[in-house]
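Reviewing the structure listed below.
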Amino acid sequence: MQSFFSKDGAVCFDCPYSMGSGAELKGCYTHKMHQYSGMVSQLRSIALKHKRWDDIPKFDEGIHAVIVGMCAGKYVRFGTYGEPVLIPIELMRDICAVAKSWTGYTHQWRKPWAYDYRQFFMASTHNLEQTELAETMGWQSFMDDSTHTKHTGMVNCPASKEAGYKSTCSKCTLCSGTTGKGSKSVYIFNHS
Ligand code: SF4
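This is the structure:
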């Protein structure tokens, strides 16, 4: 598991919680045994089905259509592990057009090539300075706040400990970028 997640830079880029950026294995909430065993199980299934690397189908219009169909009418959580900005923007548009709702977050919000994903994802930020910068750039933010203070003009995540675990992401879906449900940035107290 340590070895598997030590390669996380390929899908997490410069996220400060990635091992590729120098964080410990426990740094990211996705770096858990069930994520690891799920990925290994998926890779085993692919290897069993296709036998050879060259037999694995490449992403194309047909696979695009299958994925969109799977998301129709459902709540979609992007980026269970890794950066959701790796999903082609055209696929994002089509998924979000048919999904019931969605949530997603990215640490790549400062990168010009990631700007279009503002429509669908929250900028992952860690203080007010970053949040204000992201908002200036047109993003709504999800701020992981170590100061444990209330922030006017922002929403306190209703699934947080400090909000009394009133909701869940699949019910709330405020974290869905500028075209989703929410219109404000969100904050949560960092309890780690
Ligand atoms: S604000 Fe809503 S969608 Fe965002 S993390 Fe909290 S519960 Fe999930």
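So the sequence shown is numbered by my numbering: it starts at 4 and just counts up by one. Note that CB positions come from ideal geometry on N, CA and C, so glycine has one too. This one's a predicted model, so the numbers in the text were calculated from it and none came from an experiment.
Helix, strand or coil: which one does DSSP assign to residue i?
i: F8; result: helix
i: I70; result: helix
i: T128; result: strand
i: T139; result: helix
i: T109; result: strand
i: I98; result: helix
i: R121; result: helix
i: H37; result: helix
i: A26; result: coil
i: A13; result: helix
Quick one: what's residue i bridged to in DSSP?
i: Y78; result: S104
i: V158; result: V189
i: F145; result: S127, V189
By how many angstroms is the C-alpha of residue j removed from the C-alpha of residue i?
i: V43; j: I49; result: 10 Å
i: F145; j: T181; result: 12 Å
i: T128; j: K164; result: 19 Å
i: V79; j: K103; result: 8 Å
i: S173; j: K184; result: 12 Å
i: S24; j: Y84; result: 16 Å
i: M73; j: C99; result: 12 Å
i: W56; j: I90; result: 21 Å
i: R47; j: Y39; result: 12 Å
i: V69; j: A137; result: 33 Å
i: M125; j: F7; result: 27 Å
i: M140; j: E132; result: 13 Å
i: D63; j: H37; result: 29 Å
i: I92; j: G30; result: 28 Å
i: P161; j: G167; result: 7 Å
Count the other C-beta atoms from every protein chain shown that fall within 10 angstroms of the C-beta of residue i, then say buried if there are 16 or more, exposed otherwise.
i: F16; result: buried
i: P87; result: buried
i: W142; result: buried
i: G65; result: exposed
i: T198; result: Lying outside 4 to 195, the shown extent of the chain, residue 198 is not represented and no answer is given.
i: S21; result: buried
i: S188; result: buried
i: T134; result: buried
i: G41; result: exposed
When you compare the stretch 149 to 157 with the stretch 102 to 110, are there three or more beta-carbon pairs, one atom per stretch, that lie closer than 8 Å? no
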